[in-house]
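K.L.:
As given, the protein sequences belong to chains A and B, one line each in that order.
Residue numbers for the first sequence follow this note's numbering, beginning at 29 and rising by one.
Residue numbers for the second sequence follow this note's numbering, beginning at 7 and rising by one.
Think of the CB as a built atom: it goes at the ideal place given N, C-alpha and C, for glycine as much as any other residue.
Computed from a predicted structure; not experimentally measured.
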Amino acid sequence: AQSVTQPDIHITVSEGASLELRCNYSYGATPYLFWYVQSPGQGLQLLLKYFSGDTLVQGIKGFEAEFKRSQSSFNLRKPSVHWSDAAEYFCAVGAGGRRALTFGSGTRLQVQP
Amino acid sequence: DAGVIQSPRHEVTEMGQEVTLRCKPISGHDYLFWYRQTMMQGLELLVYFNNKAVMDDSGMPKDRFSAKMPNASFSTLKIQPSEPRDSAVYFCASSPGGETQYFGPGTRLLVL
Numbered sequence: 029a030q031s032v033t034q035p036d037i038h039i040t041v042s043e044g045a046s047l048e049l050r051c052n053y054s055y056g057a058t059p060y061l062f063w064y065v066q067s068p069g070q071g072l073q074l075l076l077k078y079f080s081g082d083t084l085v086q087g088i089k090g091f092e093a094e095f096k097r098s099q100s101s102f103n104l105r106k107p108s109v110h111w112s113d114a115a116e117y118f119c120a121v122g123a124g125g126r127r128a129l130t131f132g133s134g135t136r137l138q139v140q141p
Numbered sequence: 007d008a009g010v011i012q013s014p015r016h017e018v019t020e021m022g023q024e025v026t027l028r029c030k031p032i033s034g035h036d037y038l039f040w041y042r043q044t045m046m047q048g049l050e051l052l053v054y055f056n057n058k059a060v061m062d063d064s065g066m067p068k069d070r071f072s073a074k075m076p077n078a079s080f081s082t083l084k085i086q087p088s089e090p091r092d093s094a095v096y097f098c099a100s101s102p103g104g105e106t107q108y109f110g111p112g113t114r115l116l117v118l
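Here's what the structure looks like:
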């Protein structure tokens, strides 16, 4: 069965600073990988996804993520964080014939002015 | 498109009462998922449908939970009887083909 680990529960960065959120997955084959963002009291919004091909994927709101098979990682990055990026970020993996996603525990991002 | 629609957005009920959560998927999406989010367990799958048929309900406590999809544009998740441990945010998501899922705003359930 697949699993997802987000090692950072809470991250604080200054506005304008760069950001990297870590995600490690466990799955025997090439998984489908996703990053979602959840603002307080809101649903989950898809930021980006990786299925195959180019290992660097671009998403909405200036986010990108890089799939590294050798490290079983799919880290999310943004070069310059905005105060509106404060939210909780979830990495998820989908695999094989089972369409449901397995989510990580989330990383809460706080942005300091 | 209006996106995935869930109702009610908030529900407060007493232990033992029946609760029905509703979901309208995005038109044309043939997969529908119900997830539950709690502080302790995070996001976990309860059940999912493909073309209205249940594909996996292994995450759903079947003694009190039931899920139905009577047509392509409507699904319900029913809890009877409800218990305080059912307090959570319940999300519905839909997908065209099953890979990329689009989530609704959630229903916040509080069972007293």
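Can you confirm whether A:ALA115, when its beta carbon is compared against all beta carbons of chain B, has any partner nearer than 9 angstroms?
P.N.:
For A:ALA115, the answer is no, since every Cβ of chain B falls outside 9 angstroms of its Cβ.
K.L.:
How should B:VAL60 be labelled, buried or exposed, when 16 other C-beta atoms within 10 angstroms of its C-beta is the threshold for buried?
P.N.:
So B:VAL60 ends up on the exposed side.
K.L.:
Just to check my reading of the structure: A:SER108 and A:GLY44 have Cβ atoms closer than 8 angstroms, yes? What is that Cβ distance to the nearest angstrom?
P.N.:
Yes, they are in contact, since the Cβ atoms of A:SER108 and A:GLY44 sit about 5 angstroms apart, within 8 angstroms.
K.L.:
So B:SER33 and B:SER79 are supposed to be a Cβ contact under 8 angstroms. How far apart are they, rounded?
P.N.:
So it is a contact: roughly 7 angstroms between Cβ atoms.
K.L.:
So with Cβ pairs under 9 angstroms, would you call A:PHE131 a contact of chain B?
P.N.:
For A:PHE131, the answer is yes, since a Cβ of chain B falls inside 9 angstroms of its Cβ.
K.L.:
Is the Cβ of A:PRO128 closer than 9 angstroms to any Cβ of chain B?
P.N.:
First, the amino acid is wrong: residue 128 of chain A is Ala here, not Pro. Cβ-Cβ to chain B under 9 angstroms: yes for A:ALA128.
K.L.:
From the DSSP output, in three-state form, read off A:GLN99 for me.
P.N.:
Three-state DSSP puts A:GLN99 in a helix.
K.L.:
Starting from the C-beta of A:GLN140, find all residues in its chain whose C-beta is less than 8 angstroms away, skip the five residues before and the five after it, and write them out in chain order.
P.N.:
THR40, VAL41, SER42, GLU43.
K.L.:
For A:LEU76 and A:TYR64, what's the separation of their Cα atoms in angstroms?
P.N.:
So the two alpha carbons sit approximately 7 angstroms from each other.
K.L.:
Does the CB of A:LEU75 have a neighbour CB from chain B at under 9 angstroms?
P.N.:
Cβ-Cβ to chain B under 9 angstroms: no for A:LEU75.
K.L.:
Taking 9 angstroms as the CB-CB cut-off, is B:VAL10 touching chain A?
P.N.:
B:VAL10 counts as touching chain A.
K.L.:
Please decide whether B:THR106 counts as near chain A, where near means a Cβ-Cβ distance under 9 angstroms.
P.N.:
Closer than 9 angstroms: yes.
K.L.:
B:ASP36 and B:GLY103 - do their beta-carbons sit closer together than 9 angstroms?
P.N.:
Contact: yes.
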